[in-house]
Amino acid sequence: MLEIKNINARLGEFRLQNISLEIEPGDYLTVLGLSGAGKTVLLEILAGLVKPETGEIFLDGKDISSQSIQKRPFGLVYQDMALFPHMSVRKNITYALKGKGIPKQEQNNKTLELARLTQVEHLLDRHPGTLSGGEAQRVALARTLASDPKVLLLDEPLASLDVKLRQELRELLKKINQTGKTIIHVTHDPMEAATLSKKIAIIEKGELIQWGRPEEVFRNPVSEFVARFSGIKNIFLCEFRKSSEKNGLSHGLTKNNISISCLDDPGKETAHLMIPGEDIIVSEEKLETSAINQYKGIINEIYFLNHGVELIIDAGEIFSVVVSKRSVEKLGLVPGKKVWLSFKASAVKIL
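Numbering of the sequence shown is given in our numbering, commencing with residue 21 and proceeding in unit increments.
Structure (structure tokens):
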């Protein structure tokens, strides 16, 4: 297990504050945050490139906080790959095996094994300057894996690749993780994190805001920042007044005077309410349903996504609703069509 305990670091005016995480063997942890949040700094602290002011790092119960870069069993892959331009792909991969007393034939076998795993076997005699971005990233992964690190540290490995190459590299990273390799992967892309991760840690301005399994983080964000960063668009600042109703519901009023009912009491006069787009039902008529929140609106825009269709609907407030392609066809949903939105009070989360 990798344990990160109360890591604090200062770089100029930037501070990384009280970062604590536990990563199990074989985990795939994605560290998610905006540019400048401190994601790469955390990787560099783990690798031994940056010394924290305070805090400890334990690997399998051993304190490695003061270990040198060379002794830490971590492999770091930067976004720019940093391959040796004067060496062939074969020599780039073999480089990490030299000086370890490994017989040459064993080095060759290991190089070929990693080349097959990362699908660069056909590139072994090429030089980095002749490779595409995706090919170079695969070679960088193979070279780092050659040293057999216990933990693979990846700094935005997919950021500079096109959509097709990103998908291919995602599959490769999953394959590497399935061999039992622990991976810590830095990204600013929530979709990338959701696709790859077993756990997600979200960092904002040097602080760890939330971490856990992807479904926990994305379904139950602890703040407006996490909700928006997770891709949730239906977030409304509401005013709350005490209700005389006995059904236990709370009612928030948006800036455009749309009342939204929820189960929980925010305990304050104003709070942000969040409704996942997948929890909103679209219909042609008002439904006879237990969903207390029902609004008439008009479709402004329609976007076809990989996982469904996003409808942008004006119902006094702008709602983003995700439905299936079949629903779009069945209901004849087009821009300008009037529809009803329905969602239960239990679908509304207070941030």
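Backbone N, C-alpha and C fix where the C-beta goes; we use that ideal spot for every residue, glycine too. Since we're looking at a predicted model, the values are computed, not measured.
Could you check which residue in the options has the C-alpha nearest to that of residue i?
i	options	result
R146	R248, S108, A156	S108
L79	L63, I122, E23	E23
L52	D83, V342, R248, E191	R248
R372	A135, S152, R190	The shown model of the chain, from 21 to 371, leaves out residue 372, and the question about it has no answer.
L257	G251, R239, S279, V237	S279
E321	K91, T74, V354	V354
K201	E227, E188, Q37, L174	L174
T290	K262, E298, P93	K262
E372	L165, Q139, K120, P296	This structure does not reach residue 372, given that the chain is present from 21 up to 371, and the question cannot be answered.
F94	V171, L36, E133	V171
E305	S86, A166, N267, L351	L351
What is the C-beta distance between residue i and residue j, in whole angstroms, given that I count them as a contact (C-beta under 8 Å)?
i	j	result
H205	L54	The Cβ separation is near 16 Å, so there is no contact.
A179	Q99	6 Å
H292	I338	That pair is no contact at about 15 Å.
V359	S303	7 Å
A57	E188	Actually they are not in contact, since the Cβ atoms of A57 and E188 sit about 27 Å apart, beyond 8 Å.
Taking the straight line between their C-alpha atoms, what separation do you get for residue i and residue j?
i	j	result
I27	E76	7 Å
I301	A160	46 Å
L307	L216	38 Å
S344	S362	16 Å
L143	R346	44 Å
Q198	G46	8 Å
F260	I370	12 Å
I318	I252	20 Å
N38	R190	30 Å
L151	G32	37 Å
In the DSSP assignment, what are the bridge partners of residue i?
i	result
Y98	DSSP output for Y98 lists no bridge partner at all.
N240	For N240, which the question treats as bridged, DSSP gives no partner whatsoever.
A29	L36
S340	I332
For a test of your reading of the model: does the CB of residue i fall under 8 Å from any non-hydrogen atom of the ligand PLP? Yes or no.
i	result
H208	In the structure on display, the ligand PLP does not appear, and there are no ligands present to speak of.
Segment contact, 8 Å Cβ cut-off, at least three pairs: the stretch 324-334 with the stretch 271-287: With fewer than three CB-CB distances shorter than 8 Å, the stretch 324-334 does not count as touching the stretch 271-287.
Meets three-Cβ-pair contact criterion under 8 Å: the stretch 113-131 and the stretch 79-90: With contact defined as three or more Cβ pairs closer than 8 Å, the stretch 113-131 and the stretch 79-90 are not in contact.
The stretch 223-235 contacting the stretch 66-74, beta-carbon criterion three pairs below 8 Å: Proximity of the stretch 223-235 to the stretch 66-74 falls short of the contact definition, fewer than three beta-carbon pairs being nearer than 8 Å.
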